[in-house]
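S.K.: Note that the sequence shown covers residues -21 to -1, 1 to 241 in mature numbering (1 follows the signal peptide of the UniProt record, and there is no 0).
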Amino acid sequence: MTRFTISLIIVGFMFVQLSNAEIDPQSIVGAWLFDETNGKVAQDSSDNGNDGNLVGGAKWAKGKFGNAIELNGKDAWVTVPEIGPLEDFTLMKWFNSTGRVGLWRCFFNRDGWAPGFVHYQFRPDNKMEMAIHSNNPVRHPGWPDSDFTADKDILDEWFHLAVAYSSNDEEVRVYFDGELDAEGKWGPLPGAFGPGRIGSWSGGGREWEGLFDEMLLFDVALAEDDIQMLMDNGLEATLAVEPAGKLTTNWGEIKLGRTQSR
Ligand SMILES: *[C@@H]1O[C@H](CO)[C@@H](O)[C@H](O)[C@H]1NC(C)=O
């Protein structure tokens, strides 16, 4: 096969995949693409104004799509304003972990710990935990008998994690690199994300060491297809091929111009 034919096949495949998109931009609660190159604000690319603020040694670095946020595992995180409670949600991101294996390491934790608060983190046993205070604790993803374990093999590489939850259906699904890894009945509380921190917890000692990119929060439990599309293409490219009808009403609300990094 010639190179040209191969390219055509690849383009054709991408088109088919992308045209299945059913992501409604209005379901985006926060989209931290971390594409800035300077400054102390991690812009929320949705119209919800959930901009993050860089704290301590948080800095911009090369990411999976454009730039990423790099945290040092000590005094660096990104604060987010009040978000939620959300009855249904999907939270996903690309991450590159560079240390602190065997310690608590936060992806995204609501400040404090009280009914309805989300704590989404790696546990000291290196399992991913998605906890909502006062939801059935024994069944939450990451409880000691959970299937999902991240060990030191994940160090220094980019991986994608997504959690889709519906308090209405009392169901949770965990996707690792776009593949369903674990699912279960879990509920019934909505989850509150902010005020909170990306890469840390207000209680201290749980800082992330490494990078995050394309941290996306939706107020729906997305299907596997949608999660894979966002994982593979990033938010900007995924929304760019949305069916016109859906897009025209919402496009103006999504601030995807990466003016600072291009
Ligand atoms: C992960 O991050 C570290 C620290 O910035 C970097 O050295 C490494 O190359 C990254 N891994 C990948 C696969 O980009």
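All C-beta atoms, glycine included, are put in the ideal place defined by N, C-alpha and C. Since we're looking at a predicted model, the values are computed, not measured.
(1) So what's L12 in DSSP terms, helix, strand or just coil?
(2) Excluding the 5 residues flanking G175 on each side, which residues of the same chain have their C-beta closer than 6 Å to its C-beta?
(3) CA-CA distance, A21 and D148?
(4) Suppose the cutoff is 6 Å on Cβ atoms and the five residues either side in sequence are ignored; what does the same chain contact list for A55 look like?
(5) Nearest-angstrom Cα distance between G163 and M109?
(6) Under a criterion of Cβ closer than 7 Å to any non-hydrogen atom of ligand 1, which residues qualify, in chain order?
(7) Determine the extent of the beta strand (DSSP E) in which G31 is found, giving its start and end residues.
(8) CB L12 to CB K72, shorter than 8 Å?
(9) Have a look at F138, G52 and V80 and flag the residue whose alpha-carbon is nearest the alpha-carbon of Q207.
(10) Taking one C-beta from the stretch 1 to 8 and one from the stretch 175 to 188 each time, how about it: are there three or more such pairs within less than 8 Å?
(11) With a 10 Å radius around its C-beta and 16 neighbouring C-beta atoms as the bar for buried, classify E158 as buried or exposed.
(12) Expressed to the nearest angstrom, what Euclidean distance is found between the alpha-carbon atoms of V220 and G31?
(13) Three or more beta-carbon pairs under 8 Å between the stretch 76 to 84 and the stretch 128 to 137, yes or no?
(14) Tell me, to the nearest whole angstrom, how far the beta carbon of T217 is from that of A143; I am working on the premise that it is less than 8 Å.
M.R.: Considering the structure as presented:
(1) coil
(2) V59, N88, R89 and D90
(3) Near 33 Å, if we compare the C-alpha coordinates of D148 and A21.
(4) G35, G36 and A37
(5) Distance from the CA of G163 to the CA of M109, rounded to the nearest whole angstrom, comes to 12 Å.
(6) A40, E49, N75, T77, D135, E136, W137, G189 and L190
(7) Judged by DSSP secondary structure, G31 falls within the beta strand (DSSP E) whose first and last residues are G31 to V34.
(8) no
(9) F138
(10) Segments in contact, no.
(11) Exposed, since its Cβ has fewer than 16 Cβ neighbours within 10 Å.
(12) 27 Å
(13) yes
(14) No, T217 and A143 are not in contact; Cβ-Cβ is about 16 Å, not under 8 Å.
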